[in-house]
Structures are given as structure tokens and as C-alpha cells.
Amino acid sequence: MLTSQDVSPPQLPSYETLQAAQQWVRLTPEAGRLFWTLEAPLTEAVSAMRSEYNPRSGILRTRRRTR
């Protein structure tokens with residue numbers, strides 16, 4: 041008997057696969073809130089703005105993981 045732990049979610053197509061099939065990727069409004077600096081590890085470099093229209097509204101930062 042299969043359980044929910046035995047079933048993995050389907051693999052999403054890559055950007056390159058969608059582009060080759062001429063299926064264009066569109067950003068969601070939520071994606072417009074992402075802020076990515078290139079000066080830190082990925083876990084610390086990505087944050088989300090409170091408002092997609094106002095970068096001065098503040099940035100929601102995730103707590104840094106302690107080592």
C-alpha cells in the first residue's frame with residue numbers, strides 16, 4: 041500500500057525545456073517581491089519585499105540559521 045510519503049511530487053520542467061517548447065515563463069506578482077543580492081550564500085542572499093511596488097516598504101528577512 042502506498043502512503044503519502046512514498047509518492048514524490050512531479051518534476052517541474054526546466055526553463056530551457058519550456059523555452060524550447062515555446063512556452064514562455066511569466067513571473068507571478070509574488071516573484072516581483074524577491075530581492076536577491078549576489079554577495080552572500082543563497083540562504084542569506086534572497087529576501088522578499090513587503091510590497092512589490094515599493095522597495096522602501098521594508099524587506100522581510102528570514103532568520104539566519106546558526107551553525
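Remember, this note's numbering sits 40 above the position in the sequence shown when you count from 1. Glycine is no exception: its CB is placed at the ideal position from the N, C-alpha and C atoms.
In the three-state DSSP reduction, L52 falls in the coil class, being neither helix nor strand. Less than 9 Å divides the Cβ of S91 from the Cβ of R73. The criterion of a C-beta distance shorter than 9 Å is not satisfied by E79 and A88.
Within the same chain, no Cβ atom closer than 8 Å to the Cβ of V47 is found once the five residues on either side in sequence are excluded. Counted as a single uninterrupted DSSP element, the beta strand (DSSP E) harbouring A88 occupies residues V86 to M89.
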